[in-house]
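Protein chains in written order, with this note's numbering: chain H, 38 to 1005; chain Y, 514 to 626; chain U, 149 to 310; chain F, 324 to 867; chain S, 18 to 110; chain V, 24 to 164.
Backbone N, C-alpha and C define an ideal beta-carbon position, used for all residues, glycine too.
Let me begin by presenting the structure, written as structure tokens, before commenting on it.
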Amino acid sequence: MAFSLSGIFLLVILCLPFVGSVVAAFLPTYDRDRGALVAGIIALVAILLTLGFFPEISARNVITYTLIWIPELGLNFTLRMDGFAWMFAMMVTGIGFLVVIYARYYMSPEDPVSRFFSFFLGFMGAMLGVVLSGNIIQLALFWELTSLFSFLLISYWYHNANAREGARMALTVTGIGGLCLFAGLILIGHIVGSYDLETVLSSGDMIRSHALYLPALCLILLGALTKSAQFPFHFWLPQAMAAPTPVSAYLHSATMVKAGVFLMARFWPVLAGTDAWFFIVGTAGLATLLIGAYIAIFQNDLKGLLAYSTISHLGLITLLLSFGSPLALVAAVFHILNHATFKASLFMAAGIIDHEAGTRDIRKLNGIIHYMPITATLAMIASAAMAGVPLLNGFLSKEMFFAETILTHRASALDQLTPYFAVLASACSVAYSLRFIHGTFFGKPATDLPKVPHEPPHWMRFPVEILALTCFVVGIIPALTIKPFLTAAIYSILGVNTPAYSLAVWHGLNFPLIMSIVAFLMGCLLYICLRGYLDRQKDSDVAPIIGRIKGRRIFDEMMVALSWRWARSVDSFFSTKSLQPQLRLLVCVAVVAAFLPIWGQGLDFVRPSALVNPVPIVLWLIGGCCAIGAAYYAKIHRMAALILLGGAGIITCITFAWFSAPDLAFTQLLVEIVTTVLILLGLRWLPKKAQQTRSEGRGLVARVKNTRDIIIAGVAGFGLASIAYVVMLRVPPESISQFFLEKSYTEAGGKNVVNVLLVDFRGFDTLGEITVLGIVALTVYALLRRFRPAPESLDVPEQQRIQNAFDDAQPGRQKGDTVIDYLRIPSIVMQLMFPAIIVLAVFLFMRGHDQPGGGFAAGLTMAIAFILQYMAGGTRWVETRLRILPMRWMGIGLLLATCTGAAAWLFGRPFLTTYFSYVDLPFLDKVPAASALLFDLGVYSLVVGATVLILIALAHQSLRASRSGKDT
Amino acid sequence: MEAVIAFAIGILCSSGIWLLLRPRTFEVIIGLSLISYAVNLFMFAMGRLKVGAEPILRSGSIGISWYADPLPQALVLTAIVIGFAMTALFLVVMLASRGFSGTDHVDGKKEED
Amino acid sequence: MRRIFPHPFLSLFLMVLWLFLNQSLSLGHVILGLLVGFIGAIAFAALRPPELRIRNLRAIGTLLVMVLRDIVRSNIAVAKLIVRPNAPGYISGFMTIKLDMKNQYGLAALATIMTSTPGTLWVNFDSSTGNLLIHVLDLVDEETWIKTIKHGYERLLMEIFE
Amino acid sequence: MAGWVHHLIIAPIIIPLVAGALSLIVDGANRKLKGAISLVSTLLLVVVGTILVAAADAPVDEKWSGFVSTYLLGDWPARFGIVLVLDRLSAMMVLMTSLLGLAALIYSFARWYSVGINFFALFQFQLMGLNGAFLTGDLFNLFVFFEVMLAASYGLAMHGSGAPRVKAGLHYIAINLAASSLFLVGVSLIYSVTGSLNMADLANKVASLEPESRVLFEVGASVLGVAFLVKAGMWPLGFWLPKTYSAACAPVAAMFAIMTKVGVYVILRLWMLAFGAGAGESAYFGSSWLLIGGMLTIGFGATAVLASQDLTRLASASIVVSSGTLLAAIGLGTVDVTTGALYYLVSSTFSAGALFLLIELVERGREAGADVLAVTMEAFAEDDDDKVFDDDIGVATPGTIAVLGICFISCALLIAGLPPLSGFIAKFALLKAVFSYGAVITTVSWVFMALLILSGLAALIAMTRAGMRSFWATVGRQVPHVKVIEIMPIMGLLFLCLVMTIRGGSVIGYLHETASALNLPKTYITDVLETPYGKPGKDGGVTQ
Amino acid sequence: MSVLIIFWAVVGAQVLLACAMVIGAYRMLFGPKAQDRVLGLDNLYLNATMLLLTFGIRYSSTHYFEAALVIAMLGFVATAALAKVLMRGEVIE
Amino acid sequence: MIGATDIPLWAAILTAVFVLGGAALSLTGAVGMLTMKSFYQRAHAPTLGSTLGIGFILMASIIFFSVTGTRPAVHEIVIAVFITVTTPVPLLLLVRAALHRDRSQGSPEVPGAITIVNGTVRLIGDKAIVISQEDKVIEKD
Ligand code: NA
Ligand code: NA
């Protein structure tokens, strides 16, 4: 079944328009002939292919074609054509073809028309996708695509604000509906356990009795009602009239808006027949029917009138579907077809009038029949069909509608009232049809039109002719023309429940006919009464009473309020742009997160702590004071804060040394030194005095805020301390460290287990870590190249200015003597220390594997040696003597470390597998020659490079400042 | 002993966080440094405290369990270096920010008078 | 030769430092020490420091003894001042000494010695006049200080470096 | 896995590392060579990533196969040394990173590399950090690669300098430094109770922890979780994200699309491993918080999407939404939800990447501040009911704009989760899974569904607004000059999304396997812990 | 006996050094001037070195000496930098 | 306390004395730093620790390790050398910096105080000023 030839044809029908869309997109921008040709051929081929299916369809076969797509999600690409789908496919392709012909003439030669045809074909494909989907998710997929293409088509003239807004509104409303539909279909799939349409359609009882029926129904109906512009979502359709008329004719009368009713009909067997269905669908349909018809009367714009008329007719179909009776369904499906024919032709006629006369305003248009009699005749036929005049197709389905309204479907007030409302709406429909005909074509021929109207090119009128003819033929001999198709469609929905019905112009003088007559007379009367009023309307086309309630305005304002003002205030209320609140939140969240498990399960914090040597107590009293002092001074005395930070660092360093971590003590100390120099380098560029903002003032608010922060900080610190305390007093678990201690010497050749961890067991960490250092150095360098100091920091520091002035003032002294004298002695010592520190660095490096030290410590030491020279002699002094290329050091270091790691590959071992042996070099002691040493050399090289690069880049800023200082 | 280290961790952490919540970049950088001390000590403490038992293998028949846990030390070492790098970076960014905004406020706010 | 092996004394010192650091006298470490010393000296030379020449080795010994003695002495003196703060008023203050020594290393050594010795602080040296400003903790006898510094240290240092 | 393929596991880390190091050595002015090195490296990464995905997906009995493959760095046994673990998830993330990286890199060749220095090196290090974070099986090593990744991202975020970037960078760095501290606290706390750092080993030990250890372990995991959630941008920890991302230059922002995913990835990985059904009393620890947090994040992100005044903000906010979606999905944690989440993850990463790249092109040639003005005008404009129709002749769309427009629409569809591209499949997969979650549909499912739908709607509204502003602005619009190497990467990423849609079956199949493996961590644990190793001993021999 | 003597001597010395450090910290905290604070830090470094040496004696470990050596050789850099900033407003000119 | 068991009593006592002496000297210096009135006086105090203080402790260490024979006591020498060479550096820099600060604030405490008038520097007086411990200012030539 899946690969039958007809299945392939189905796929072809679906794909053709999309292919055409792409082709059209690449046509020359303004070539309307070729655009129309491509679109026309595609539509024609699609028609023919669809027609070719009719034999099978009339044999009540269902053609399916399945491509396995995402079986895990139950989502297959299934095409399915039954009678109902066939009917719609014919409508989509057939009217599509006619509209293409029409559009060829309608669109101006200056229009970039290939875009139009591309979108048009895209829409056609999407619409075919909707009707041919055999999988409900796939249906939702194409459903949204129709919204998208509709958006693009409405906004075709996007230079026009109305087109933009209309398109946006259509997209928003139908998009929302589409998402709801999507959710509803997922629910249906959940209920049924399959997304296959066939399966779903056969699970009506299961669905209707399921607890999720109501939510699913509501969601699906939201989709359908928005798409078919049903009250209260009808307002988008009139706005969509800003689209080119072919679009209105195609999408907004014949096809897309029909997707909603298509959906309701498609799911009619599984969703209809319940109270909920009746009341929701019925109310919406009835309201739409009435409101649409009523407002249509008062429209001055031809397309506006037609749009509201469309709304009303869709309401009629919806109302019919709500009844839940098979005959009502027949009527609904029949009316879908009829409405498509007469409304498409009317839109095209309106377009012709607009095209030829230059306006669509009924008040301006008069006596057009004198200018274009054929078009006028055609339009009148279609209007008559719209009004439900006998011998035209509209009459037939309206009669069926009346017949259904009389019957009782669900005993309720709504049900009781439908016949009266139906007549009323029908009367309105007669009235606006009359207005359309009389107001436009009759009366004194207008002379003040923008253009002098005349008949359009024949082929432009041709589609209207075809459709008007169809109205006639169907209206007169329905049983011969439309019944087979209609029955096939109905059968595919109702199956064996398909009712017997007769299609004939004359059923005798029955109640529906009486209703029709009443409606007709009422309509004529209404038009006559309102005529004066309608002609007097000046600028607005507002319908009395309810016209003031503009759905569009409400929607617009709601959108602006919800999606803009409201969103912005919510957004700004629930977020912050400042750093402090963010950090505060982070701390609080972390504290709460850490507290939750403890709160749930409890933790015993009362444990005896072994004491005790008074020295650590004293040390940490100092350390604590330093920390608090640093916190206290950080704002008012930066230097003091930095010094105190250093104090806390030393105490930490001693603590490490004390508790058996010499490597940590080394590194901590070295980092401490470098950090101090670093921050001092930075201090130069900060404002001299901490600037005080008002918000930091001393008021009560500030005090409360400070207290809050102190509490947060205190709680966090206390929490961390408590956890540390608990852990320290627990028996340690069996740890992987045992392994390291055991294997460090025997298998990695190092006695300093920490170092072996760094370069061997966990050498990969180290590789990453030096990369971090390298990256940071690069970033620092890059940032400083673009550094723009604040203007007030640009001057040389105050001290130097005074000292220079002093030197100037003193006889026998030159500017700069002070600093030379100042540094004379220290620089000698610092220079002398240079080689000594280098020796220390080599020492620390060489012994790292067995004793505290290693590449880091050595690298930092080496960097300090360089920094010291910069301090002693200044940047220029050093750089005329030493040429350091930190970037190279870094690159080489990284490569060396990496290559050492990669060398293991040569031996078929994983990255970083180290090799070592004790080599007895001549004269040297037994030297462990571990490849890890090379790795460590890489570490060393990078650390030197990165540290020097960071510090020197920062130091160079002073040169920049002094340069620019000289310029001024 | 443990109580002292716990105290140390707590006080460093509290001071650091308090500074972290201040509006001046310099306060923040000092705060970050203090926090990194606290965290380093915390990590170190997670290996338990031992005196005079450096994880540097000695000859003789000293049992494995005698040594201090080397792993947290290695981790802290890595953390110290990364912390240093980040301090440097933050410093420079804070200078750059001050250069652009003309203020040392973390949000680059000009002082309102 | 001086380009390749610029500061032999320094190299030697560095080698000793290397051996001390490694606590080893093995031949291998001596070789490594030489190498390190060589590298260190080259690094030092790269800085183009003022010329370092030691002319009188014996004076160094004398100087060391003298410094050691003075350090012990002044340690005691200063410790006393600190422990008994209410002792009859000592006077601290600045004083100026005119130095004749021009050698950088000599000056550095003098500064180091004076600063290391409790009781005296090297404050400022004006190269244009040769005036040295020092701060003395117990300025009872200014002349004694001048004598110690000018005739003790400065003379010895000039012997060594100039 | 055998032979050279096995060593390929580490290639995603080593290749960019070497490339980065090489470009440090290359002379600063020779940017072409640096660019070439970078390009070669990234192309290699794509190749390697593809091979790794194939290897991870190969059936168990084939030559180089297996669900999990463990690379023992330094040839130390798995529990003790650092291991890299290749499974479907990590392979997929690596491939994704490489593809996104390639797109961003090619894009940057047009001009972005030159607005600052060392772009290529930083970029390569960024890739290295990302790949490392995805591949590592060691908790502390994860920290290190996080730092590599973050450090590079700091540099890249401020690439080109300038006030907004630096200001955003300052916040970004400060917050991430604080988060990194939390990371360290968490890791060390976990080590202190388990004595291990290997993720598989940890997962193995969770179930048998005695009560007090369990509490401490959970405290550690919570703190760790907070650190990851900062990276993932969860509300209220993610306010740094929009500012940083929108300040960064286009290729960097595109690359950042994956940064939040790292946080998500790690949470997914660790939580599935350690707090899966087999975790004894700790089973599903914190999952409800993830769910709640994730949902709040979706809500917040969707609001931010609506509230965004410009496209970059919008894109950043959409990243927040995707993060929230993923976190909530992890909180639910069934195989099906995870499958959907993974699909969503890939799709949203590519689309966000494409969007970030695209925005810069779209905004090019528009006046600065036009957005704000346009938005304000729109919000406060008087009723324009009475505007007369202009003439009915359309405006031709220049080819460039057309291409940009198509790309933009594709991005919008992807981000809003509308058909027909992969965003739709992702939402569908998630929703379907959420409804299959448990016998009865719970409030949680409803809320999640509503949030997913509403966030899509918000994206639709905002993208429409922004797109109309950008493409249909009648004034002040010049056709931007767009190079082919700028548009190609965008189309490439979108093409990937298209492929993910069309080949949805195999993609979902792969992800389903991935999710199943995640939900059954036992395989992962035994595979990692029982990896055979051979270590050359003292004399070069092999000891076992 | 010897053990006890040395033990107590070292502990005593450590207490004395710790007290000295308290004073150093006092100067760091309360100045009154910036130079006093730097002086305090310098003193803290010095006492830390000595403290490490006493550890070395107590635990007979050479590592403390190495740590002390590193402080001896490099500890002055930080305080020198601080002092230079007081004088010149810049560390490196 | 590995190794300390086999140390002879005299060595132990000597070590103890040196250790305590060094620490005591250091403390004394610190006390001086606390109690002395002016900065220049306080700057003298720490040198107690940096010379004899640390010297004593190093001496103790040398004795201890030489007697126990655990290791050659050479690190102590290196430490001594470098402490001697490096500790004066910050002190030198610091005292001069203090002088500058006091001078530019026009402090009468130091010689050569300056004042800044219209951007040019004027000397207040070029005389050395001596301060007694009783805070009496005595002018000298
Ligand atoms: Na009229
Ligand atoms: Na002195």
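Just tell me which of the options has its CA closest to the CA of residue i.
i	options	result
A440 (chain H)	H:L366, H:P724, H:G480, H:L504	H:L366
H407 (chain H)	H:A969, H:T477, H:C662	H:T477
N251 (chain U)	U:I202, U:G176, U:A191	U:I202
V104 (chain V)	U:L287, U:L255, U:W270, U:V164	U:V164
How many Å lie between residue i and residue j at the Cα?
i	j	result
P568 (chain Y)	D700 (chain H)	10 angstroms
K298 (chain U)	E291 (chain U)	10 angstroms
V790 (chain H)	L570 (chain Y)	7 angstroms
S346 (chain F)	A550 (chain F)	32 angstroms
L523 (chain H)	L552 (chain F)	59 angstroms
V40 (chain V)	A26 (chain S)	8 angstroms
E241 (chain H)	F219 (chain H)	The residue asked about is misnamed: residue 241 (chain H) is Gly in this sequence, not Glu. Their backbone Cα atoms lie some 19 angstroms apart in a straight line.
L567 (chain H)	A422 (chain H)	22 angstroms
L1020 (chain H)	I875 (chain H)	For chain H, the structure presents residues 38 to 1005; residue 1020 (chain H) sits outside this window and is missing.
Y195 (chain H)	L433 (chain H)	40 angstroms
T538 (chain Y)	G754 (chain H)	21 angstroms
A65 (chain S)	L158 (chain U)	29 angstroms
Below 7 angstroms on C-beta distance, what does residue i contact in chain V?
i	result
V124 (chain S)	Since the first residue of chain S shown is 18 and the last is 110, residue 124 (chain S) is not available in this structure.
I862 (chain H)	L115
V220 (chain U)	L75
V85 (chain S)	The sequence shown places Ala at residue 85 (chain S), not Val. Result: I102.
Span of the beta strand (DSSP E) holding residue i?
i	result
I239 (chain U)	239-246
T115 (chain H)	112-118
Going by DSSP, name the residue or residues bridged to residue i.
i	result
S392 (chain F)	F:L409
D59 (chain S)	Per DSSP, none; premise fails for D59 (chain S).
Could you work out which residues of chain H lie near residue i, taking near to mean beta carbons separated by less than 7 angstroms?
i	result
V54 (chain V)	The premise fails here: V54 (chain V) is roughly 16 angstroms from chain H at the closest Cβ pair, so nothing lies under 7 angstroms.
Hey, quick one: how far does the alpha helix (DSSP H) through residue i stretch, first residue to last?
i	result
Y667 (chain F)	658-686
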